[in-house]
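Heads up: the structure comes next, in C-alpha cells.
Protein chains in written order, with our numbering: chain A, 1 to 330; chain B, 1 to 330.
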C-alpha cells in the first residue's frame with residue numbers, strides 16, 4: 001500500500017499530487033479548487049461564529065466513525081450549539097510519515113460524506129507531514145464559520161430553567177475505551193458521533209432557549225459545572241432521568257467510569273425556560289438524533305454547584321475531575 | 001520547571017488552569033474570555049476570506065522568531081495576499097506530554113505580541129495534549145478570517161505584467177537550516193518572519209495589482225511555477241535582480257541550496273501591470289519591511305513555464321521540486 005512520505009508535505013510536486021488525488025477528489029468545492037491560500041466566501045449576514053478544534057483521537061477508526069467524521073461533526077456541533085448555522089469549514093492535516101494513503105483517503109471520504117449530508121462546505125485546507133514517530137497517524141484541525149441565528153448566553157439562565165440532554169450519555173467515550181482493545185469486551189456500543197445542525201436548527205425559533213453546549217471532553221458533568229461556576233447558580237440533576245444505554249451502564253460499572261463524565265460527540269445539553277419545554281421536547285423527540293432526549297434536571301438559586309440526586313435517594317456533589325478518565329477521546 | 005501533563009488536555013481542572021494561567025493571561029480578548037466553544041464576531045462586510053495552516057516547524061525557536069510568531073504571521077500573510085484585511089485568528093495547540101510550560105508561555109507571548117502589534121484578535125482556541133513521543137514539542141494550527149478589500153485573481157494576469165518580490169529571498173529557509181545545528185556555521189542570518197498586513201494594505205488602492213502570494217514552502221520558484229501552470233503563460237526572471245543577502249547566498253552555495261526554492265515567511269510575490277509599477281515600488285520601498293523590494297521578472301506569452309536568465313547570460317528552466325529541500329520549514 002502507498003504510504004505518506006516527507007515529500008508529501010513539501011509544497012512541491014508530491015504535495016500537489018496528494019491534493020489532487022485525495023483531497024480534491026473527495027472534497028471538491030469551488031473554493032478548494034482555486035488552490036489559493038485563503039478561500040473567498042460570501043456570508044448572508046455580518047454576525048458570525050468562529051470555532052476551532054484539533055482532533056487527536058486514538059484510535060483513528062472506531063465503531064460509529066473515524067477521525068474524519070469526528071472532525072467535521074465536532075466543528076459543526078460547536079457552531080450550532082453557539083446559535084450559529086454552520087457554513088464553512090477548514091481542514092488542517094498533520095500526517096505521520098509512513099501513514100497509509102488508503103487510510104487517509106477513507107478519512108477524507110468520511111469528511112466529505114458529512115459535508116455533503118449537511119450542506120456545509122470544506123473550503124480551505126493545509127497538509128503537513130512530520131517524520132515517523134512525531135505524530136500518531138494523523139491529527140486534524142477543523143475550524144468553522146457559521147452565521148449567528150440565535151443569541152445564546154449563560155447570562156440568560158435563571159432559577160427554574162430546565163436541563164435537557166438530547167440523547168443517551170457516554171456512548172462515544174465507552175466506544176473509544178473499548179476500541180482500544182485493552183479490555184477484551186465485545187459490545188454493540190457505537191460512538192454517537194453525528195452532526196447536530198439538523199436537530200438543533202428548528203429550536204432557534206423557540207425564544208425560551210437560554211444556552212446550549214455539546215458535552216464532549218469532560219462530559220455532561222463538565223458542562224454543568226461550568227454553567228454553575230459562571231452563573232453562580234446551582235443545578236440539581238436526577239440520576240434516574242439521565243438516559244444511559246444498558247450496555248454503556250454495564251461497561252461503566254465494570255470499568256469504574258461515570259457516564260456523566262464521558263465524552264459525547266452527537267449530543268447537546270440545552271438549558272431553557274420551563275414554559276417552552278414541551279415545544280423543545282416535541283421537536284427533539286421527532287428527530288432521529290433526538291429520540292432519547294430527556295429533561296434531566298433544573299437550575300436553582302438555593303445552592304451553588306451541581307448536585308446529583310441518586311436513584312436510591314441520596315445526593316452527590318458533581319465537580320470537575322482533575323484529569324479526563326480517558327485521554328485522546330477527541 | 002513545570003511540564004505539560006496528559007491531564008492538561010483533558011477538559012478538566014488542569015485544562016482550565018492552563019487556559020487561565022497561560023492562554024488568557026497573554027491572549028486576553030473579550031471573545032476568548034467568554035470561554036464558549038465558538039467566538040461571536042461582527043464583520044464589517046459580508047465578503048470574507050478564510051484560511052488555515054498548521055505549523056510543525058523544527059526547531060520551535062529560531063533566529064528571528066518562534067513557532068508562535070510564525071503561526072500568527074503566517075495566517076495574517078495568507079489573508080493579506082488574498083486581498084483581505086486580517087481580523088480574527090483561532091489557535092489550536094497540540095502539545096507533547098512533558099513539554100515545558102515556560103516554553104509554551106514564551107510561544108503564547110510571541111503570538112500575543114504579533115496580535116497586539118497588528119490589531120488582529122485571537123478569538124477562539126483549543127488545546128490537546130498527546131503522550132510523549134506523539135508530537136515534536138508543539139504543533140499550532142491558526143485559522144484566520146479577513147474582510148476582502150481587493151479582488152486578486154490569477155485570471156487578471158496578462159503578458160507584460162511585472163513580477164515583484166518585497167524583500168530578500170531565502171532568509172527564513174537558511175535560518176532554519178542553520179538553527180538545526182547540523183552544519184556548525186555561524187552567521188547573522190535571521191528568519192524574515194513578519195506580518196505583512198501593514199506593508200500590503202496600502203497597495204489595495206492600486207488598481208493594476210493582479211495577484212499576490214507569500215512564497216513560503218516551495219519558495220518564489222513554487223509560486224511562479226504555479227502561476228504559469230494555472231494561467232498558461234510564461235514568466236522570465238532575471239537572476240541578478242533577485243534580492244539575496246550576501247551571507248544567504250554564501251550558505252546556499254556551500255550547502256547546495258537554491259534561494260529561489262527556499263521558504264520565506266515575511267515576503268510577498270506581487271504580479272502587477274507595468275503602468276503601476278512605480279506606485280507599487282514607492283509604496284513598498286518606503287516601508288521598513290519592503291526596503292529591498294525589487295522587480296525581478298516579467299510575464300510573457302512567448303513561451304510557457306518559468307525561465308531564469310542567469311547572471312552569466314544563460315537560461316535555466318525553473319520547475320517544482322519533487323520534495324522540499326528542507327522539511328518542516330513552517
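For glycine and all other residues, C-beta sits at the position ideal for the given N, C-alpha and C. Note that the structure is predicted; figures quoted are calculated from it, not measured.
Buried or exposed (CB count within 10 angstroms, at least 16 for buried), residue i
| i | result |
| --- | --- |
| residue 111 of chain A | buried |
| residue 195 of chain A | buried |
| residue 291 of chain A | exposed |
| residue 285 of chain B | exposed |
| residue 215 of chain A | buried |
| residue 26 of chain A | buried |
| residue 180 of chain A | exposed |
| residue 183 of chain B | exposed |
| residue 264 of chain B | buried |
| residue 74 of chain A | buried |
| residue 232 of chain A | exposed |
7 Å Cβ shell around residue i - same chain, five flanking residues per side excluded
| i | result |
| --- | --- |
| residue 15 of chain B | 8, 9 and 127 |
| residue 29 of chain B | 121, 122 and 123 |
| residue 203 of chain B | 209, 280 and 283 |
| residue 357 of chain B | Given that chain B is displayed from residue 1 to residue 330, the structure contains no residue 357 of chain B and the question cannot be resolved. |
| residue 328 of chain A | 56, 57 and 58 |
| residue 105 of chain A | 22 |
Proximal residues to residue i (C-beta, below 6 Å), its chain only, five neighbours per side dropped
| i | result |
| --- | --- |
| residue 240 of chain B | 311 |
| residue 85 of chain A | 146, 147 and 149 |
| residue 49 of chain A | 79, 82, 84, 146 and 148 |
is_contact[residue i, chain A] using C-beta, thresh 8 Å
| i | result |
| --- | --- |
| residue 217 of chain B | yes |
| residue 121 of chain B | no |
| residue 128 of chain B | yes |
| residue 42 of chain B | yes |
| residue 143 of chain B | yes |
| residue 37 of chain B | yes |
| residue 322 of chain B | yes |
| residue 181 of chain B | no |
| residue 135 of chain B | yes |
| residue 177 of chain B | no |
| residue 150 of chain B | no |
| residue 124 of chain B | yes |
| residue 318 of chain B | no |
| residue 13 of chain B | yes |
| residue 6 of chain B | yes |
| residue 213 of chain B | yes |
Spatial neighbours of residue i in its chain, beta-carbon cut-off 8 Å, leaving aside the 5 residues before and after
| i | result |
| --- | --- |
| residue 275 of chain A | 208 |
| residue 289 of chain B | 166, 167, 194, 196, 198, 199 and 266 |
| residue 41 of chain A | 31, 87, 88, 123 and 145 |
| residue 133 of chain A | 96 |
| residue 151 of chain A | 83 |
| residue 234 of chain A | 228, 299, 300, 301, 302, 303, 304, 305, 306 and 307 |
Residue i at chain B interface by Cβ criterion, 8 Å
| i | result |
| --- | --- |
| residue 56 of chain A | yes |
| residue 256 of chain A | no |
| residue 100 of chain A | no |
| residue 85 of chain A | no |
| residue 50 of chain A | yes |
| residue 232 of chain A | no |
| residue 88 of chain A | yes |
| residue 328 of chain A | yes |
| residue 311 of chain A | no |
| residue 81 of chain A | yes |
| residue 94 of chain A | yes |
8 Å contact criterion, which residue i and residue j should meet: CB distance rounded
| i | j | result |
| --- | --- | --- |
| residue 330 of chain B | residue 70 of chain B | 7 Å |
| residue 63 of chain B | residue 191 of chain B | 6 Å |
| residue 90 of chain A | residue 142 of chain A | 7 Å |
| residue 313 of chain B | residue 236 of chain B | The Cβ separation is near 13 Å, so there is no contact. |
| residue 12 of chain B | residue 222 of chain A | 7 Å |
| residue 212 of chain A | residue 138 of chain A | Not a contact, Cβ separation roughly 30 Å. |
| residue 125 of chain B | residue 52 of chain A | 7 Å |
| residue 277 of chain B | residue 162 of chain B | 5 Å |
| residue 22 of chain B | residue 108 of chain B | 6 Å |
Chain D residues whose Cβ lies nearer than 8 Å to that of residue i
| i | result |
| --- | --- |
| residue 264 of chain B | The question asks about chain D, but that chain is absent: this structure's protein chains are A and B. |
Near the ligand GDP: residue i beta-carbon under 7 Å from a heavy atom
| i | result |
| --- | --- |
| residue 128 of chain A | The ligand content of the structure shown is nil, which means the ligand GDP is not present either. |
Practice prompt. May I ask you to verify whether the stretch 196-213 of chain A touches the stretch 246-258 of chain A, counting CB pairs closer than 8 Å and requiring at least 3?
Written response: When C-beta atoms of the stretch 196-213 of chain A are compared with those of the stretch 246-258 of chain A, fewer than three pairs fall below 8 Å, so the two segments do not count as touching.
Worksheet entry | Touching by the beta-carbon criterion (3+ pairs, under 8 Å), the stretch 232-252 of chain B and the stretch 168-183 of chain B | Flag = yes, the stretch 232-252 of chain B and the stretch 168-183 of chain B touch.
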